[in-house]
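Q: In this note's numbering, the protein residues as written are 40 to 548.
Think of the CB as a built atom: it goes at the ideal place given N, C-alpha and C, for glycine as much as any other residue.
Can you read through this structure? Questions will come right after.
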Amino acid sequence: MESSWLEAHWTRPFYLAFAFGLALGLLQAIKLYLRRQRLLRDLRAFPAPPTHWFHGHQKFLQEDKMEKLEEVVEKYPYAFPCWIGPFNAFFFIYDPDYAKTFLSRTDPKSQYVYKFLIPGIGKGLLSLEGPKWFQHRRLLTPAFHFNILKTYIKVMAQSVNMMLDKWEKICSTKDTTIDVFEHINLMALDTIMKCAFSQETNCQINSTHNPFIKATFEMGKIIFYRVYSFLHHNDIMFKLSSKGRRFQELIQVLHQYTEKVIQDRKKSFKDGMKQGNLQEKKYQDFLDIVLSAQAENGDSFSDDELESEVKTFMIAGHDTTSTGITWLLYCLALNPEHQEKCRDEIRGILGDGSSITWDQLGEMSYTTMCIKESLRMIPPIPSISRELNKPLTFPDGRSLPAGMTIVLSIWGLHHNPAVWKNPKVFDPLRFSPENSDQRHPHAFLPFSAGPRNCIGQQFAMLELKVAIALILLRFKVTPDPTRPPVFSNHIVLKPKNGVHLHLKKLPEC
Ligand code: HEM
C-alpha cells in the first residue's frame with residue numbers, strides 16, 4: 040500500500056534530523072579516535088602502568104592511595120603518562136631535572152584544575168596569567184616583606200596560645216585524644232584573618248566560622264574529584280550532577296563570608312581616610328594594599344578582582360599552613376626522639392615561650408630541619424599542573440608537544456628513591472647543611488620554584504615555626520594507634536577524618 044502524503048512529509052524531516060545527528064555523532068567519534076591516536080603517538084616514548092580501557096588510571100588517583108603513586112614512581116623513572124578516561128592523559132613528572140626544565144618556563148596553569156577552581160574562588164593570583172598576574176604579583180609582594188612578617192610573630196603566637204589554652208581545658212576534663220586538625224584549622228584561619236585582613240574574628244571560640252572552613256574543605260574535594268573524573272569535565276554534566284549542585288551552594292557560602300570581610304573593611308578604610316589616620320597603622324596589611332590600589336586607580340582593580348584576591352589569600356593562607364602544621368605534629372608524634380630534640384632546642388632558645396623574636400626563630404636549626412622533613416614526607420600541595428604552550432624537551436632528549444597537561448607530582452618527587460635514600464623514613468638530618476650541599480636544587484619543592492613559586496612561603500615557615508615551638512613547650516604528643524590518619528587527596532593533601540593525637544600537658548618550666 041502506498042504511504043499517504045502526510046506520512047511522507049512528516050517522516051522526512053525526522054529522517055533528516057536522525058541522519059544529521061548520526062553524522063555529528065560519527066564526526067565526534069572520529070575526532071575522539073584521532074585524539075586518542077595522537078596522544079598514544081605523542082606519549083609512546085614514555086612507558087605507562089597498565090590502564091583500564093575506559094577509566095584509564097583515574098581510579099587509583101581518586102582512591103587517595105599515595106602508596107600506589109610511590110610504586111609507580113619506583114617502577115617508571117622520571118615520568119609516566121596518566122590516562123584520565125580513554126581520550127585524555129596528564130603527564131606526571133617527579134624527577135628533579137624534569138622539574139627544573141618544567142618550572143623554568145612560563146606555561147599557563149592547567150585548565151583542568153584552574154577552570155574548575157575559578158568558579159569557586161575567582162581569578163586571583165593563583166589562577167591569573169600574563170600581564171594581569173604580573174601586575175597583581177608586583178602589587179602584593181610587599182605584603183610579605185620581612186619587616187611586615189616580623190610584626191606577625193606576636194599575632195601568630197597569640198592565636199597559637201589561644202588554641203593551646205583550649206587544649207589545656209580539654210585535657211583537664213576528658214580523654215586527652217583530640218582531632219588536632221580541627222583546632223589547627225581554626226587557629227590558622229584566626230591567624231590569617233588577623234595578619235592579612237586585620238580582622239578580629241574570634242573564630243577559635245565562635246563556631247559560626249566553621250561553615251567557611253567546612254566549605255573550603257568540601258570544595259577542594261569536589262574540584263579534585265572533577266579533575267580526575269572525565270565524565271564531569273563537561274560543565275553541563277557537572278552542573279546537573281549532585282556534586283555540581285553542592286558546588287554551587289559552597290560558592291555561596293564562600294562568597295557571603297568574603298563579602299562580609301570586604302564590606303567591613305571598606306567601611307573602616309573609608310572612615311580611616313576621612314579621619315586621615317591610615318598612617319597610624321604600623322604596616323599596610325594585604326587588604327590595605329589592595330584597597331589603596333583600588334582607591335587610587337579603580338580601573339586596575341575591579342570589585343570582582345578584589346573579592347577573588349581576598350578569597351585566594353584567605354583560603355591559600357590558612358588551608359595549606361593548617362595542613363602543614365598538622366602533618367608536622369603527626370610526624371613528631373610518630374618520632375618521639377625527634378620531638379624531644381626539638382623541645383630541648385626550643386626550651387634552650389625560648390625558655391617558657393612568653394616572648395618570641397625573629398632572631399630566636401632563626402636559631403631553631405633542628406626544628407627547622409624537622410619542618411622541612413615533614414614538608415618532604417607529606418607536602419601539603421601534592422602536585423601542581425600546567426598546560427604546555429609550546430613543545431617541551433627534557434634533558435634526556437624526549438619531548439612533548441604543545442597542549443599537553445603536565446603534572447609535577449611533588450609527592451612523587453619527594454618520595455622518589457632515585458633522589459632520596461629510604462624516602463619513607465623520617466630523617467631530619469637530610470636537611471643538615473652538609474647533607475643538603477650536594478642535593479639537586481629541584482629535589483625539594485614544597486613551595487614550588489621559579490616565577491610562580493609560593494608568595495606566602497616565608498609567612499608559612501614563620502607560622503609553622505611559631506606553632507610547633509609553642510605546642511611542644513606545653514604538650515607532648517603521641518599518635519592514637521586506633522585511629523591512624525587517612526589521606527584525602529585533593530588540591531591540598533588533608534586528612535580525611537582528622538588527625539587524632541594523644542596530648543599530655545607538660546609541667547611549666
Ligand atoms: C605550608 C604552606 C604552603 C605551601 C606548602 C604552599 C605551596 C604552594 C605551591 C606549591 C604553590 C605553587 C602553585 C602552582 O604553581 O600551581 C603556591 C602558590 C601560591 N601560594 Fe602557597 N603554600 C603555602 C602557604 C601559603 C600562604 C600562607 C599563602 C598566603 C598567605 C600562600 C599563597 C599562595 C599564592 C597566592 C600562590 C600563587 C602565587 C603565584 O602564582 O604567583 N601560600 N603555594
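#1: Could you tell me whether any non-hydrogen atom of ligand 1 is closer than 8 Å to the CB of Ala-87?
#2: Which runs of the beta strand (DSSP E) fall wholly inside the stretch 435-486 and span at least 3 residues, in chain order?
#3: Rounded C-beta distance between Leu-78 and Ala-138? I'm assuming under 8 Å.
#4: Closest to Ile-187 by C-alpha separation, out of Pro-524, Cys-381, Leu-501 and Thr-255, would be which residue?
#5: Between which two residues does the alpha helix (DSSP H) carrying Ala-254 extend?
#6: According to DSSP, is Phe-336 part of a helix, a strand, or is it coil?
#7: Thr-351: beta carbon under 8 Å from a heavy atom of ligand 1?
#8: What whole-angstrom Cβ distance do Asn-528 and Met-258 have, given they're in contact under 8 Å?
#9: Candidates Gln-287, His-294, Met-232 and Asp-274: which alpha carbon is nearest Leu-326's?
#10: When we look at the beta-carbon of Val-464 and count the other beta-carbons within 10 Å, is it buried (16 or more) or exposed?
#11: Looking at Pro-419: is its Cβ nearer than 9 Å to the Cβ of His-453?
#12: For Glu-426, which of helix, strand or coil comes out of DSSP?
#13: I'd like to know if the stretch 343-352 and the stretch 155-171 are in contact, where contact means that at least 3 CB-CB pairs between them fall below 8 Å.
#14: According to DSSP, simplified to helix, strand and coil, what is Phe-183?
#15: Compute the minimum distance between the beta carbon of Glu-502 and the heavy atoms of ligand 1, and state whether it is under 8 Å.
#16: Is the distance from the Cβ of Leu-371 to the Cβ of Val-516 below 9 Å?
#17: Taking 8 Å as the cut-off, is the CB of Pro-181 close to at least one heavy atom of ligand 1?
#18: Within 8 Å: the Cβ of Ser-237 and any heavy atom of ligand 1?
#19: Closest to Phe-93 by C-alpha separation, out of Lys-504, Trp-122 and Leu-73, would be which residue?
#20: According to the neighbour-count rule (16 or more other Cβ atoms, all chains shown, within 10 Å of its Cβ), is Glu-384 buried or exposed?
A: Short version:
#1: no
#2: 444-448
#3: Not quite, the Cβ-Cβ distance comes to about 23 Å (not below 8 Å), so this is no contact.
#4: Leu-501
#5: 249-266
#6: One detail in the question is off: residue 336 reads as Asn in this sequence, not Phe. Correct three-state label for Asn-336: coil.
#7: yes
#8: The pair is not a contact, with the Cβ atoms about 15 Å apart (cut-off 8 Å).
#9: Met-232
#10: exposed
#11: no
#12: strand
#13: yes
#14: helix
#15: yes
#16: yes
#17: no
#18: no
#19: Trp-122
#20: buried
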